Every structure is written in C-alpha cells, then in structure tokens.
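**Student:**
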Amino acid sequence: MPRRRKFHYLTRSLKKQYTTRKNLMRPKVIAGNWKMNKDLLETEGLINDLKRTVNFELGSAKVLLCPPFTSLSLAKKSIEGTPFLLGAQNMHYMDEGAYTGEISPKMLLSAGCQYVILGHSERRQIFGETNELINKKAKKALSVGLIPIICIGETLEEREKNITEQIVSVQIKGVLKDISSQDVEKCIMAYEPVWAIGTGKNATPQQAEDVHKFIRKLIGQLYSWNTAEKVVIQYGGSVKPENAGDLLLQPNIDGALVGGACLKADSFTAIIKAALR
Ligand code: 13P
Numbered sequence: 085m086p087r088r089r090k091f092h093y094l095t096r097s098l099k100k101q102y103t104t105r106k107n108l109m110r111p112k113v114i115a116g117n118w119k120m121n122k123d124l125l126e127t128e129g130l131i132n133d134l135k136r137t138v139n140f141e142l143g144s145a146k147v148l149l150c151p152p153f154t155s156l157s158l159a160k161k162s163i164e165g166t167p168f169l170l171g172a173q174n175m176h177y178m179d180e181g182a183y184t185g186e187i188s189p190k191m192l193l194s195a196g197c198q199y200v201i202l203g204h205s206e207r208r209q210i211f212g213e214t215n216e217l218i219n220k221k222a223k224k225a226l227s228v229g230l231i232p233i234i235c236i237g238e239t240l241e242e243r244e245k246n247i248t249e250q251i252v253s254v255q256i257k258g259v260l261k262d263i264s265s266q267d268v269e270k271c272i273m274a275y276e277p278v279w280a281i282g283t284g285k286n287a288t289p290q291q292a293e294d295v296h297k298f299i300r301k302l303i304g305q306l307y308s309w310n311t312a313e314k315v316v317i318q319y320g321g322s323v324k325p326e327n328a329g330d331l332l333l334q335p336n337i338d339g340a341l342v343g344g345a346c347l348k349a350d351s352f353t354a355i356i357k358a359a360l361r
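The opening position of the sequence shown corresponds to residue 85 in our numbering, with each subsequent residue numbered one higher.
1) Can you tell me which residues form a DSSP beta bridge with Cys-197?
2) Leu-217 and Ile-256: beta carbons closer than 7 Å?
3) Does Ile-263 come out as helix, strand or coil in the three-state DSSP assignment?
4) Across the stretch 111-121 and the stretch 335-352, are there enough close Cβ pairs to call them in contact, namely three or more that are closer than 8 Å?
5) Within 10 Å of its beta-carbon, does Ile-210 have 16 or more other beta-carbons around it, so buried, or fewer, so exposed?
6) Run through DSSP, which three-state label would Ala-145 get?
7) Under a criterion of Cβ closer than 6 Å to any non-hydrogen atom of the ligand 13P, which residues qualify, in chain order?
8) Give the range of the alpha helix (DSSP H) segment to which Ile-131 is assigned.
9) Assess, as a yes-or-no matter, whether the stretch 296-311 is touched by the stretch 345-357 under the definition of 3 or more beta carbon pairs within less than 8 Å.
10) Any idea if Ser-162 is buried or exposed, counting beta-carbon neighbours within 10 angstroms, 16 or more meaning buried?
11) Pick helix, strand or coil for Leu-156, following the three-state DSSP scheme.
12) Please list, in chain order, all residues of the same chain as Thr-283 whose beta carbon is under 7 Å from its beta carbon, the five residues on each side excluded.
13) Looking at C-beta atoms only, is the number of pairs between the stretch 228-246 and the stretch 188-203 that lie closer than 8 Å three or more?
14) Kindly confirm or deny that the stretch 130-141 and the stretch 158-177 touch, where touching means at least three C-beta pairs closer than 8 Å.
15) Go ahead and pull the three-state DSSP assignment for Ser-346.
16) Quick one: give me the first and last residue of the alpha helix (DSSP H) that Leu-217 is part of.
17) Taking all protein chains shown into account, do 16 or more other C-beta atoms lie within 10 angstroms of the C-beta of Ser-264, making it buried, or fewer, making it exposed?
18) Val-268 and Gly-237: beta carbons closer than 7 Å?
19) Note down the Cα distance separating Leu-158 from Glu-241, rounded to an integer number of angstroms.
20) Can you give the Cα-Cα distance for Tyr-177 and Lys-220, rounded to whole angstroms?
21) Return the CA-CA distance between Ser-351 and Asp-330, expressed in angstroms with no decimal places.
22) Anyone know if the C-beta pair for Ile-355 and Ala-328 falls short of 7 Å?
23) Give me, in chain order, the residues of the same chain whose beta-carbon lies closer than 8 Å to that of Glu-293; leave out the 5 immediate sequence neighbours on both sides.
24) Taking only the alpha-carbon atoms, compute the straight-line gap between Met-109 and Ala-145 and give it to the nearest angstrom.
25) What number of angstroms, rounded off, separates the C-alpha of Thr-127 from the C-alpha of Met-120?
26) Tell me which residue opens and which closes the alpha helix (DSSP H) that Asn-327 is part of.
27) On the DSSP letters alone, give me the boundaries of the beta strand (DSSP E) that Gly-318 sits inside.
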C-alpha cells in the first residue's frame with residue numbers, strides 16, 4: 085500500500101500527534117549566506133568571532149557557513165573542532181572541463197563542503213539561472229553527496245498579483261523534476277521572497293508560514309506526506325535577531341537562510357540562539 089494512504093486509518097487527533105512527532109524530528113538549520121563578502125583576513129576574523137560568541141550547545145540544530153569560493157578552504161580549517169558546517173553558494177553540474185570561471189561539485193567536496201546553495205534569486209535574476217539548470221545542479225549535488233539548499237520565491241510584482249503559490253509551484257516542480265523521494269528528503273528548500281531580500285522588510289511570520297505550508301503540501305502531493313514531513317524548509321529574506329524568534333516558531337519554518345545579518349558574529353549568534361528556543 086502506498087505510504088500516502090497511511091493517514092486514512094488515523095483519527096484527526098492521532099494524525100496531529102503523528103505530525104507533531106515528525107515535526108520534532110526536523111532539525112533547525114541556520115545557514116549564513118555570505119554572498120560576495122569577506123576576503124581571507126575577514127573570513128578568519130568572522131569565524132574567530134563566531135567561535136567566541138557561539139559558546140553554547142547547538143543540540144540537534146545545524147549551523148552552516150557559506151562563504152565565497154575563495155574562503156572555503158580557509159573556513160574549513162578555521163571551523164575544525166567546532167559544530168559549524170560548510171557550504172558553497174553555487175556550483176556547476178559538471179565534474180570538470182572547459183567552463184571558465186566555474187566551480188565543480190568535486191572541487192567543493194575537496195574543499196570540505198557538505199552543502200551547496202542553488203538557484204538563489206540573485207543567480208536567477210542577475211545570472212539568468214532557470215529552474216531547468218537548477219534542477220541539473222540539484223541532481224548532480226545529490227549524486228555526489230552534497231546537500232542542496234534550493235532557493236525559490238516570488239517577486240514583489242508576483243505577490244501583488246496574488247500569484248505567489250503559482251510561481252512557487254512552477255519553481256518547485258521544475259527544480260525537483262525527476263528527483264526521487266529518497267533524494268528529496270535530503271534536500272533543503274529555502275523560501276526566499278525576492279521582495280524581502282536585502283530590503284529590511286521581512287515576510288511576517290504568518291506570510292512565511294502560509295507559503296511554507298503550501299510548499300510542504302505540494303511536496304506531499306508530488307511525493308508523499310511522509311516525504312514532505314522530512315523536508316527542511318528554511319525562510320530567507322531580512323532575517324534579523326529581532327524577527328528570527330517569531331519566524332522560527334512557525335510549525336513549517338525549519339530554519340533560516342541569512343544574508344546581511346550573518347556577516348557579524350553578534351547578529352548571527354542571536355539568530356542561532358533564537359532557533360534553539
Ligand atoms: P538578507 O538576509 O540580507 O535579506 O539576504 C537573504 C538572502 O538572500 C539569503 O540567501
């Protein structure tokens with residue numbers, strides 16, 4: 085019997101308990117997307133500061149640092165003996181070859197990365213990345229054991245036209261095309277409304293939760309409820325110490341993809357603390 089039928093036999097309250105138990109199994113994942121910031125000296129400085137300020141147990145939470153390519157090796161050395169994990173901000177889908185300026189998954193692995201951000205809206209908007217390309221990259225990342233953090237999200241114009249769900253739905257179907265349920269469970273989805281990125285204007289916890297719930301439901305329809313319950317869905321877009329707590333309290337918000345506020349140890353640490361509450 086297919087897994088998605090499981091709940092036919094459960095009463096409403098049992099179903100709720102089951103879901104709650106599953107929710108608890110999803111770790112909170114806080115990732116710092118450094119974007120094009122920090123040279124080597126600054127990388128070392130920020131990580132040293134973080135080592136001082138993150139002086140508490142993370143429990144099941146995961147904290148990822150995603151510096152620029154040039155800082156990956158140094159960051160890997162600097163985080164030795166800490167609970168921090170390393171991610172990159174992009175990659176090509178080929179192992180090697182004549183692709184001037186590109187970085188391969190193999191190179192990311194050898195630099196110590198476990199994660200890779202794919203399809204960030206800046207890559208989509210400035211560098212023309214499509215759902216099809218992001219799908220190729222995601223498949224490649226999964227095949228070599230890198231966990232993709234796949235970004236989706238609507239523009240202000242799309243939100244104002246009330247087509248957020250259609251946009252997110254097309255993006256999800258495109259980026260997850262032909263990816264198995266086993267692999268989807270490993271992926272992290274990052275809902276980043278474009279209008280909230282770098283603007284200081286975050287989605288309200290309710291606005292974000294509504295879209296996260298929609299994303300989980302859609303993954304449930306495309307795969308199964310069981311699979312959807314395992315997928316970590318991060319929120320990104322002007323996450324700050326002041327709003328992180330309320331955002332991360334939402335049942336379907338499993339973490340944050342942080343831009344500006346991850347560039348200072350104090351603010352990133354405060355966001356990590358908010359995730360542990
Ligand atoms: P800000 O936190 O600066 O809005 O950036 C969010 C983001 O793009 C993370 O990937």
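Think of the CB as a built atom: it goes at the ideal place given N, C-alpha and C, for glycine as much as any other residue.
None of these values were measured; they are calculated from a predicted model.
**Tutor:** With the structure as the only source:
1) According to DSSP, Cys-197 bridges with nothing at all.
2) no
3) coil
4) yes
5) exposed
6) coil
7) Asn-117, His-204, Glu-276, Ile-281, Gly-282, Gly-320, Gly-321, Ser-322, Val-323, Leu-341, Val-342, Gly-343, Gly-344 and Ala-345
8) 124-137
9) no
10) buried
11) helix
12) Ser-322
13) yes
14) yes
15) Checking the sequence shown, residue 346 turns out to be Cys, not Ser. Looking at Cys-346 - three-state DSSP - the assignment turns out to be helix.
16) 215-228
17) exposed
18) no
19) 40 Å
20) 6 Å
21) 16 Å
22) yes
23) Gln-334, Pro-335, Asn-336 and Ile-337
24) 11 Å
25) 12 Å
26) 325-332
27) Strictly speaking, residue 318 in this sequence is Gln, with Gly absent from that position. Taken as a continuous stretch (DSSP letters only), the beta strand (DSSP E) holding Gln-318 covers 316-320.
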